Amino acid sequence: MYKKLDKLVLKAFIGPFLATFFITLLVLVMQFFWLWIDDFVGKGLSTMLILEFIVYQSAVLVPLALPLAVLLSSLMTFGNLGETYELVAVKSAGISLLRFMRPLFFLVLFICGIAFLFGNFMIPVANLKARTLLGDIVFAKPAFDLKEGVFYDKLNGFAIKVGKKESNDSVIRDIIIYEQASSMQDNFIVASDGVMRTSDNKRFLEFHLKNGWRYQERTSPGSGATEFIRMGFKEYNKQFDLSSFQFQRSDDSVNKDNWRMLSMRQLQKSIDSMEKRRRQLPAKVKGEVFVQSSFPRFLPTMDDSTRKANKPAAKSFEELVPDSLRVTVQQRAAGKASALYASNSNILSFYEQEQKEFRRHKIEWHRKISLSLACLVLFLIGAPLGSIIRKGGLGNAMISSIIFFMLFYFISNTGEKFAKEGAWSAFMGMWLSTFVLVPIGLFLTYKAVHDSQILNKDFYTRLFRAFKSYRRKRRD
0 MYKKLDKLVL KAFIGPFLAT FFITLLVLVM QFFWLWIDDF VGKGLSTMLI LEFIVYQSAV
60 LVPLALPLAV LLSSLMTFGN LGETYELVAV KSAGISLLRF MRPLFFLVLF ICGIAFLFGN
120 FMIPVANLKA RTLLGDIVFA KPAFDLKEGV FYDKLNGFAI KVGKKESNDS VIRDIIIYEQ
180 ASSMQDNFIV ASDGVMRTSD NKRFLEFHLK NGWRYQERTS PGSGATEFIR MGFKEYNKQF
240 DLSSFQFQRS DDSVNKDNWR MLSMRQLQKS IDSMEKRRRQ LPAKVKGEVF VQSSFPRFLP
300 TMDDSTRKAN KPAAKSFEEL VPDSLRVTVQ QRAAGKASAL YASNSNILSF YEQEQKEFRR
360 HKIEWHRKIS LSLACLVLFL IGAPLGSIIR KGGLGNAMIS SIIFFMLFYF ISNTGEKFAK
420 EGAWSAFMGM WLSTFVLVPI GLFLTYKAVH DSQILNKDFY TRLFRAFKSY RRKRRD
């Protein structure tokens with residue numbers, strides 16, 4: 000009997016989980032493209048390149064899609080079972096809700112393990128590939144697009160204007176080509192008509208011009224005199240290098256040291272290195288700051304306590320330095336103080352940057368665990384909530400899932416922000432959502448086990464009808 004029930008609940012969960020996971024992943028990918036669409040349009044990117052980027056970005060978004068899919072599918076599963084009274088039948092047979100949830104609990108634990116392994120080993124590689132490819136796409140030049148009556152200045156050293164293009168875009172008329180040979184000399188070409196085409200290897204743009212003039216400004220090297228040359232032509236060929244418009248891929252090693260591209264073992268190694276450098280900071284200060292001045296030898300030591308209490312008081316500055324040297328000493332002291340301030344500022348800037356990197360690495364280390372366990376946390380909310388609501392379908396489940404996922408996302412981002420600023424520890428910031436949502440999940444589980452009517456729509460409908468009936472009786 001138990002095996003049949005386990006198979007029943009697993010079959011009821013797996014279908015909605017797979018469907019909601021891919022739908023959620025698609026929505027997250029579309030949201031990403033909505034933010035970056037301006038950097039993709041008009042650059043002549045190939046279909047295979049865009050598909051490659053979608054694969055990498057989809058892999059990066061998997062840890063975020065899994066918790067939402069688990070929440071939504073668990074709500075749908077137990078909502079459908081409650082609506083068809085299958086949960087009532089199971090409870091009437093003496094089987095508790097916790098026992099009925101057990102196979103899904105272990106399945107979600109398995110999903111958490113898969114999410115952790117994926118986030119620790121696959122996500123850093125996918126993140127590295129996606130970020131490098133995104134950077135190359137963002138910095139790529141737009142595709143060559145020559146419009147009528149507008150100067151095109153994306154070619155280095157040239158500005159091209161075409162009065163009219165024929166329907167096939169090859170025959171062009173009223174051409175002006177402005178070229179800057181140097182900072183002081185400008186040349187340009189005008190032609191009545193011509194033919195525009197690209198070379199076979201797509202690297203050069205060729206203009207075969209007819210009936211025009213070339214104007215050139217040239218300076219003699221010796222005398223510095225400037226001469227102007229005008230040359231008429233019947234036919235003239237001009238080539239432009241389009242290699243800068245071709246998409247160029249960068250090496251992945253550019254971003255390999257970023258904290259998002261590291262596994263937990265690599266993150267821990269970097270954290271240990273940062274802690275070692277932080278322990279060496281006092282020696283660094285002593286070697287770079289104290290060495291510039293002579294006052295450290297006057298600092299109190301352990302032997303000062305043995306000195307006599309009636310030691311003579313130190314003399315004032317006016318008593319120690321004569322009037323003739325006072326200005327010179329003050330200038331030297333100001334210069335020494337300025338140098339010490341600069342050294343301290345550099346060390347402080349280095350320390351703050353190290354602390355910032357240290358917090359980022361710690362946050363990423365905790366993220367890999369907390370985000371994978373978020374699947375289990377949201378399951379503890381979705382499963383009992385679905386059994387309490389007892390409404391199947393996508394509508395009710397979607398509304399409840401959005402509410403709790405937005406709560407999870409908002410709390411996670413808030414904790415991460417405080418952790419990045421150093422107001423909270425990385426542990427507190429990254430596990431804040433878990434600390435908040437686990438009690439909610441346990442509360443909902445307790446209410447579901449004890450057949451709570453707190454979130455049942457029918458309960459409030461019956462309560463409202465009873466209240467109307469009571470008012471009617473009172474009025475009669």
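Per numbering that gives the first Met the number 0, the very first residue in the sequence shown carries number 0; after that it's consecutive.
Ideal Cβ placement from N, Cα and C applies to all residues, glycine included.
Since this is a predicted model, take the numbers as computed values, not measurements.
Length of the line joining the Cα atoms of residue i and residue j
i: ASP276; j: PHE39; result: A small correction: the amino acid at residue 276 is Arg; Asp does not occupy that position in the sequence shown. Rounded to the nearest angstrom, the two C-alpha atoms are 42 Å apart.
i: THR225; j: ILE159; result: 25 Å
i: GLU165; j: GLN215; result: 29 Å
i: GLY428; j: ASP37; result: 34 Å
i: PHE232; j: SER198; result: 23 Å
i: SER400; j: ARG473; result: 42 Å
i: LYS307; j: ASP256; result: Note that LYS307 has pLDDT 47, beneath the 50 cutoff, so the model's placement of it is unreliable and the number below is only indicative. Whole-angstrom Cα-Cα distance: 58 Å.
i: GLN179; j: SER169; result: 25 Å
i: LYS446; j: LEU44; result: 54 Å
i: ARG366; j: LEU65; result: 14 Å
i: ALA11; j: VAL87; result: 16 Å
i: ALA341; j: ASN155; result: 42 Å
i: THR460; j: PHE466; result: 10 Å
i: PHE16; j: PHE404; result: 16 Å
i: THR19; j: PRO102; result: 20 Å
i: GLY381; j: LEU97; result: 13 Å
i: VAL137; j: TRP212; result: 39 Å
i: VAL326; j: ALA332; result: 10 Å
i: LEU24; j: TRP35; result: 17 Å
Extent of the continuous alpha helix (DSSP H) to which residue i belongs
i: VAL328; result: 322-388
i: TYR177; result: From DSSP, TYR177 is part of no alpha helix (DSSP H) but of the beta strand (DSSP E) over 170-179.
i: GLY440; result: 431-448
Residue i: first and last residue of the uninterrupted beta strand (DSSP E) it sits in
i: ASN235; result: Contrary to the premise, residue 235 reads as Tyr rather than Asn in this sequence. Note, TYR235: beta strand (DSSP E), 225-240.
i: ILE53; result: That residue, ILE53, is in no beta strand (DSSP E); its alpha helix (DSSP H) goes 46-82.
i: ILE94; result: Careful: ILE94 lies outside any beta strand (DSSP E) and carries neither H nor E.
i: LYS209; result: 203-218
Which listed residue (the options) has its alpha carbon closest to that of residue i
i: VAL284; options: PHE349, LYS153 and LEU379; result: PHE349
i: THR444; options: ILE388, MET427, VAL194 and PHE463; result: ILE388
i: LEU204; options: ASP240, GLN215 and GLY231; result: ASP240
i: GLY286; options: SER252, ASN343 and VAL328; result: ASN343
i: GLU351; options: PHE378, ARG98 and MET273; result: MET273
i: GLY14; options: LEU71, LEU48, TRP35 and PRO62; result: LEU71
i: VAL59; options: VAL28, PHE77 and ALA382; result: VAL28
i: ASN355; options: TRP258, LEU24 and TRP212; result: Going by the sequence as given, residue 355 is Lys instead of Asn. Cα-wise, what sits closest to LYS355 is TRP258.
i: THR218; options: TRP212, ASN210, LEU462 and PHE227; result: PHE227
i: SER252; options: ALA129, GLY93, LEU50 and THR83; result: ALA129
i: PHE115; options: GLY414, ALA373, SER337 and GLU234; result: ALA373
i: PHE104; options: LEU25, PRO321, ILE171 and VAL8; result: VAL8
i: ARG248; options: GLU85, GLY414, GLY134 and LEU324; result: GLY134
i: LYS2; options: ILE94, SER371, MET397 and SER337; result: ILE94
DSSP-derived helix/strand/coil call for residue i
i: ALA18; result: helix
i: GLY156; result: coil
i: LYS268; result: helix
i: ALA308; result: Interpretation of ALA308 is limited by its pLDDT of 48, a score under 50 that renders its predicted location unreliable; the figure taken from the coordinates is listed afterwards. DSSP places ALA308 in coil when its eight states are reduced to three.
i: TRP423; result: coil
i: ASN186; result: strand
i: MET301; result: The predicted position of MET301 is uncertain, since its pLDDT is 48 and thus under 50; a value taken from the coordinates is nonetheless stated next. Reduced to three states, the DSSP call for MET301 is helix.
i: GLU147; result: strand
i: ASP5; result: helix
i: ARG277; result: helix
i: LYS255; result: coil
i: ASP38; result: helix
i: ARG248; result: coil
i: SER191; result: strand
heavy atom of the ligand ATP below 7 Å from residue i C-beta
i: VAL194; result: Summarising the ligand content, the structure contains no ligands, and the ligand ATP is consequently not present.
Close beta carbons around residue i, own chain, < 6 Å, minus the five adjacent residues each side
i: GLN238; result: PHE203 and GLU205
i: PHE52; result: LEU132
i: TYR151; result: LEU145 and ILE159
i: GLY81; result: SER386 and ARG389
i: VAL89; result: PHE99
Residues near residue i in its chain [Cβ-Cβ closer than 8 Å; skip 5 each side]
i: TRP364; result: MET263, LEU266, GLN267, ILE270 and ALA425
i: LEU280; result: ILE346 and TYR350
i: ASN236; result: GLU205, PHE206, HIS207 and LEU208
i: ASN309; result: In this prediction, ASN309 scores a pLDDT of 49, lower than 50, which makes its location untrustworthy; the coordinate-derived value is nonetheless stated afterwards. Cβ neighbours of ASN309 beyond the five flanking positions: none.
i: SER468; result: none
i: LEU261; result: PRO123, SER269, HIS360 and GLU363
i: GLU147; result: VAL161, GLY162, LYS163 and LYS164
7 Å Cβ shell around residue i - same chain, five flanking residues per side excluded
i: SER369; result: MET429, TRP430 and THR433
i: ARG358; result: ALA418, LYS419, GLY421 and ALA425
i: LEU375; result: VAL107, LEU108 and CYS111
i: MET301; result: Note that MET301 has pLDDT 48, beneath the 50 cutoff, so the model's placement of it is unreliable and the number below is only indicative. Answer for MET301: no residue qualifies.
i: ARG196; result: SER169 and GLU205
i: PHE31; result: GLN56
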